[in-house]
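Working notes, structure below.
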Amino acid sequence: MLTLYRPGNGPWHRLPAGPKILALMSIVLGICFLPVSWVSALIMAALCLAVYAVPGAGMRVLGRQLVAVRWIILVTAAGQLIFLGPEEALTNTTRVTAAVVISGLLALTTPVSELLDALERALAPLERVGLDPQRAALVLAITLNTLPVLASLAREVREAQRARGGRQSLRHFAMPFLVVALKHADALGDALTARGVR
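Just so it is clear: in the sequence shown, position 81 is 81 by full-length UniProt numbering, and no numbers are missing.
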């Protein structure tokens with residue numbers, strides 16, 4: 001399975017997966033419940049900066065994450081500006097961006113095996129009601145990794161187009177990106193089947 005994990009020694013890397021999931025999830029939930037206002041947008045941006053300012057992550061990594069989700073930012077901002085005012089558009093776009101980028105930090109600083117183990121332990125009590133903790137943990141781990149992986153694939157497609165002197169338009173980007181994303185999904189499905197996951 002393609003993973004975005006980057007080895008390191010920073011506090012986020014050293015923090016065990018369980019507490020890290022709880023910490024980042026709490027920050028994202030806090031962001032989701034902030035009211036719509038200019039001040040809330042500033043708080044969300046500050047939280048995002050603070051999370052990445054920790055040694056081992058850094059502003060360069062945050063910059064790469066923001067570049068990777070630039071289309072999400074653009075589409076969200078455009079849709080919000082069409083139907084809502086500038087304050088709502090800025091707040092909601094900042095909210096979505098901060099939530100995605102902060103969640104991406106989990107994939108960057110946690111090996112998939114540790115993530116699976118933590119999720120499996122957290123879901124173990126639900127086995128009494130018929131939930132398979134291993135399968136549920138695998139689905140959650142794949143879900144957490146999907147958006148950052150797709151952002152990484154999008155960046156690779158853009159770089160390949162630039163290297164070939166291709167035109168920079170959404171129409172020329174969409175088809176190659178769709179092909180690469182479907183290939184990734186197919187390879188992931190094959191890998192899961194080979195491991196006996198159905």
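We treat Cβ as the ideally placed atom computed from N, Cα and C, and that holds for glycine.
{"Asked": "Beta-carbon separation of L116 and L138 under 9 Å?", "Found": "yes"}
{"Asked": "Within 10 Å of its beta-carbon, does L2 have 16 or more other beta-carbons around it, so buried, or fewer, so exposed?", "Found": "Residue placement at L2 cannot be trusted, given a pLDDT of 43 that sits under 50; the coordinates are not used to answer."}
{"Asked": "Could you say which of I43, S37 and K20 lies nearest to G30 if we only look at CA atoms?", "Found": "I43"}
{"Asked": "Here's the rule: buried if 16 or more other CB atoms are within 10 angstroms of the residue's CB, otherwise exposed. What is W12?", "Found": "buried"}
{"Asked": "Quick one: measure Cβ to Cβ for C48 and A98, integer angstroms, because I've assumed they're closer than 8 Å.", "Found": "4 Å"}
{"Asked": "So, does the region 62-74 touch the region 16-36, judging by three or more C-beta pairs under 8 Å?", "Found": "no"}
{"Asked": "What span of residues does the alpha helix (DSSP H) with G63 cover, start to end?", "Found": "M59 to A68"}
{"Asked": "For the pair the region 169-183 and the region 148-156, tell me if three or more CB-CB distances fall below 8 Å.", "Found": "yes"}
{"Asked": "So, helix, strand or coil for M1, using DSSP?", "Found": "In this predicted model, M1 has a pLDDT of only 40, less than 50, meaning its place in the structure is not dependable; the value taken from the coordinates is given anyway. It is coil, neither helix nor strand."}
{"Asked": "When you compare each of R60, Q80 and E159 to P176 by their alpha carbons, which one comes out closest?", "Found": "E159"}
{"Asked": "Work out the CA separation of I142 and R128 for me, nearest whole Å.", "Found": "24 Å"}
{"Asked": "For G27 and E87, what's the separation of their Cα atoms in angstroms?", "Found": "Checking the sequence shown, residue 27 turns out to be Ile, not Gly. Approximately 22 Å between the Cα atoms of the pair."}
{"Asked": "Look at the alpha carbon of T109 and the alpha carbon of V96, and state the distance between them as a whole number of angstroms.", "Found": "21 Å"}
{"Asked": "Taking the alpha-carbon positions, what's the G58 to Y52 distance?", "Found": "5 Å"}
{"Asked": "Please report how far the alpha carbon of E114 lies from the alpha carbon of A78, in whole angstroms.", "Found": "38 Å"}
{"Asked": "How big is the Cα-Cα spacing for A163 and L90?", "Found": "34 Å"}
{"Asked": "What does the alpha-carbon distance come out to for the pair I82 and G189?", "Found": "38 Å"}
{"Asked": "Nearest CA to the CA of P35: which residue from R64, G8 and T94?", "Found": "T94"}
{"Asked": "Residue range of the alpha helix (DSSP H) that G30 falls in?", "Found": "A17 to C32"}
{"Asked": "Buried or exposed for A17, going by 16 or more other Cβ atoms inside 10 Å?", "Found": "buried"}
{"Asked": "Less than 8 Å between C-beta atoms, sequence neighbours within five positions excluded: which residues of the same chain meet that for residue 205?", "Found": "With the chain represented from 1 up to 198, any question about residue 205 goes unanswered, as that position is not in the structure."}
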